[in-house]
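This report concerns only the one structure given below.
Chains as they are written, first to last, in the numbering used here: chain A, 1 to 572; chain B, 573 to 868.
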């Protein structure tokens, strides 16, 4: 058997129409049975690299390929995508973009139907994959009716049923919530335990995936900047800072506390981190300082949104909200969190009149949502959707920003004033005459936010602003929201990213089964891991370190690495 | 929109209709559509509607969902009514061999303006027949998709030697419908959140008002189409021109019997119904109405 499963020899790739190479002079080998994690910032070339392995490049995408990609010794240039599909299976990032059959059964069977010789063989493979991913109960359901995590499980089952020798998982959890993420990684862990296959996993969430990895490759700007055992790569603190990837908090924390670390001391899991830090404290290499925190910032006592006994039923009868009582105060930065289907998005859509409460009362800036017009409400509560491409339609940024105020029938002077003001607020003034479709994803997201700000809302709801984005880009979005809050707007963020929520939100509202499970200061909410665990949430890893090391005097409510660095300091 | 897609999707089941060979299911569809297209008398069209509803009950469909599907093309009914009232005298009237029973004008005379739209018993009866035809089309389509999985449709087409690429495209289109519906809902909500509304009485303005929704839908669909194509390619599509079907398509005795019954029905409905009984000319309902309500 060929020992080298995948070989990249001086590979460079440029997409048709691009001025620069997306991959530049890539060289590496993956041995049979190895599990390799590839990470790097968005746009670094990770997905392109995966496409080279399964033959989509150069056979599906047009461009110029230099160098050679060998899969089990076969050159991808001379193999067809069908030849490669027999040996290399790929699971893509967004489950909705890769499921196309009417039922789960048909979805899982699609690959084997193309590759197998008999119906019995197809059905056996489908049955095995379905059992492995525990999808039997969804056999005849539409894949699109499942939750994000379940959809991705269907995609993984569809991959397994093809029995590929090489599995590629391209950011399999980037578009799903914490429950789905846990589900997918648990399935991957079982998969690798059951049968050692050659596996390539592209992922930002290193804390979940590193325990599975034999090797970690970091790509930056189309080139490989690190390729070694995970602990070895993560022992280079300088490199980690430079490439802006989100390494596990315990790794960053121990770097800060201990300075340089030996490879074998680099923790990659919570348990390892707790053990290393505990050792450092006991050896008096780290000191625990008394906690001195300023009192929480005082917020207005005037609710800008007030919900009393709010219920909401969807037209099909689904009970989405049950007896919600909640106040959002003027100028607050609030995180609305909870597992998929907990009711957070439904609640937020009641605030701007997209939905109307079935029962109960919602007052927005003193106006009753039940009787107010959508136009009255949208000028009080702006709603920025997850994907800017769901709303951008104009051929200039200026026209896009004018859309909202024009709908409100404002005067030309007022429209021009609002456009300039909103553009300045999110720093896109230089792009006002540019075509929004030519801008980067980050800039398009700013255009989408600005186009809502032109309605001059007092409250801005930002729905899942960080989904599918890397750490650095997520921070940019959250900094923008923070700046808007500092200028007096009330911000409501709907998010699954607990690290960012912990860092930015003053208050959290945790939803579960259509009800408010708990609402309180972020610090207080994360101090109750068992309670929020009921909504499948867990505190940031750094908070969990504090909670695990309460015995050595660490507080249970530390929210960020910076805070933890103040609580603990290395002894010189 | 999502409720629209839920009205037209496959629901797995073990009913008599579910178990038929996909080719027989297609024949069933035509057995309802052909008479509906050939006839126009409301009494007989109502009978076809009832027949489809009975088929629906056999397939375990709920009556309320079927009624929803009938009500769905409400705007189309309005258009049919308006068009027929305004144009009946110039179009269908030539098919009628008797004198029309006029009831009045749709738009009466105002000075030198009008009158327009001569309303007659015949034009109303004909309109009702056409509306029922639309209802049969919608209802039969719903039922066909309800008991025929997209892969069955592909199987049936492949039996008729339709190219694999085309059958796969049809299958993917059906399978992808719920996701597309979700996408359209999200885009409409995103634009409504910026104060977007429709409802202008001016048809040009009303059409233009949909640009903010249509552009993102088209662009997002194009992007998705590329992703779907890569997913399909990566799952070995093209490895064979004859993929293995999930179930054996073999004509059973039941299939043969149903085929015979359906073919007989189509022949009877088309030949006897339209030519012998002259149902196509809506004379039965008209005759009854004129002799019961307008006898004087």
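Beta carbons: idealized from backbone N, C-alpha and C, even for Gly.
Beta carbon of residue i nearer than 8 Å to that of residue j
| i | j | result |
| --- | --- | --- |
| residue 463 of chain A | residue 788 of chain B | no |
| residue 535 of chain A | residue 508 of chain A | no |
| residue 280 of chain A | residue 248 of chain A | no |
| residue 498 of chain A | residue 530 of chain A | no |
| residue 158 of chain A | residue 807 of chain B | yes |
| residue 618 of chain B | residue 711 of chain B | no |
| residue 191 of chain A | residue 541 of chain A | no |
| residue 448 of chain A | residue 392 of chain A | yes |
| residue 614 of chain A | residue 95 of chain A | Because residue 614 of chain A is not part of the residues shown, which for chain A are 1 to 572, the question remains open. |
| residue 511 of chain A | residue 353 of chain A | no |
| residue 43 of chain A | residue 79 of chain A | no |
| residue 230 of chain A | residue 201 of chain A | no |
| residue 253 of chain A | residue 561 of chain A | yes |
Integer Cβ distance of residue i from residue j, believed to fall under 8 Å
| i | j | result |
| --- | --- | --- |
| residue 677 of chain B | residue 688 of chain B | 7 Å |
| residue 805 of chain B | residue 100 of chain A | Between residue 100 of chain A and residue 805 of chain B the Cβ distance is about 12 Å, and since that is not below 8 Å, they are no contact. |
| residue 633 of chain B | residue 749 of chain B | That pair is no contact at about 18 Å. |
| residue 484 of chain A | residue 414 of chain A | With a Cβ gap of about 20 Å, residue 484 of chain A and residue 414 of chain A do not count as contacting. |
| residue 184 of chain A | residue 152 of chain A | 5 Å |
| residue 455 of chain A | residue 382 of chain A | 6 Å |
| residue 821 of chain B | residue 593 of chain B | 6 Å |
| residue 212 of chain A | residue 35 of chain A | 6 Å |
Candidates the options: closest to residue i by CA position
| i | options | result |
| --- | --- | --- |
| residue 84 of chain A | A:502, A:50, A:107 and A:108 | A:50 |
| residue 97 of chain A | B:694, B:745, B:861 and B:581 | B:745 |
| residue 595 of chain B | B:858, B:810, B:830 and B:815 | B:830 |
| residue 335 of chain A | A:190, A:419, A:452 and A:478 | A:478 |
| residue 594 of chain A | B:692, B:760, B:675 and B:723 | Since the first residue of chain A shown is 1 and the last is 572, residue 594 of chain A is not available in this structure. |
| residue 859 of chain B | B:663, B:589, B:641 and B:696 | B:696 |
| residue 732 of chain B | B:587, B:586, B:861 and B:599 | B:599 |
| residue 641 of chain B | B:624, B:753 and B:837 | B:624 |
| residue 28 of chain A | A:505, A:371 and A:11 | A:11 |
| residue 853 of chain B | B:801, B:620, B:811 and B:610 | B:610 |
| residue 680 of chain B | B:825, B:690 and B:699 | B:690 |
| residue 108 of chain A | A:122, A:117 and A:21 | A:122 |
| residue 514 of chain A | A:76, A:207 and A:310 | A:310 |
| residue 245 of chain A | A:377, A:473, A:494 and A:562 | A:473 |
| residue 292 of chain A | A:221, A:45, A:567 and A:26 | A:567 |
| residue 235 of chain A | A:250, A:222 and A:119 | A:250 |
| residue 395 of chain A | A:404, A:433 and A:21 | A:433 |
| residue 612 of chain B | B:708, B:674 and B:786 | B:708 |
| residue 273 of chain A | A:257, A:284, A:288 and A:287 | A:257 |
| residue 785 of chain B | B:764, B:800 and B:803 | B:764 |
| residue 646 of chain B | B:725, B:700 and B:761 | B:700 |
| residue 30 of chain A | A:44, A:73, A:16 and A:13 | A:73 |
Within chain A, the residues that residue i reaches when beta carbons sit closer than 8 Å
| i | result |
| --- | --- |
| residue 641 of chain B | Correct list: empty, because the minimum Cβ distance to chain A is about 15 Å. |
| residue 799 of chain B | 92, 94, 97 and 98 |
| residue 750 of chain B | 142, 144 and 145 |
| residue 776 of chain B | Those do not exist, as residue 776 of chain B stays about 17 Å from chain A at its closest Cβ, beyond 8 Å. |
Partners in chain B for residue i, counting only beta-carbon separations shorter than 9 Å
| i | result |
| --- | --- |
| residue 85 of chain A | 805, 806, 807, 808, 809, 810 and 811 |
| residue 451 of chain A | 766 |
| residue 106 of chain A | 721, 722, 723, 743, 747 and 818 |
| residue 103 of chain A | 582, 584, 721, 722, 723 and 747 |
Per DSSP, cross-strand counterpart(s) of residue i
| i | result |
| --- | --- |
| residue 383 of chain A | A:461 |
| residue 511 of chain A | A:516 |
| residue 305 of chain A | A:328 and A:364 |
| residue 61 of chain A | DSSP, once it has assigned bridges, lists no residue as partnering residue 61 of chain A. |
| residue 676 of chain B | B:691 |
| residue 216 of chain A | A:37 and A:228 |
| residue 198 of chain A | A:166 |
Under 7 Å from the C-beta of residue i: neighbouring residues of chain A
| i | result |
| --- | --- |
| residue 815 of chain B | 113 and 114 |
| residue 581 of chain B | 142 |
Distance cut-off 7 Å: residue i Cβ against heavy atoms of the ligand ATP
| i | result |
| --- | --- |
| residue 302 of chain A | The model depicted lacks the ligand ATP and carries no ligand whatsoever. |
Chain E contact for residue i (CB, 8 Å cutoff)
| i | result |
| --- | --- |
| residue 584 of chain B | Of the protein chains in this structure, namely A and B, none is chain E. |
Contacts that residue i makes with chain B (C-beta to C-beta distance below 7 Å)
| i | result |
| --- | --- |
| residue 54 of chain A | 806 |
| residue 389 of chain A | 788, 791 and 792 |
| residue 60 of chain A | 802 and 805 |
| residue 383 of chain A | 765 |
| residue 162 of chain A | 807 and 808 |
| residue 81 of chain A | 805 |
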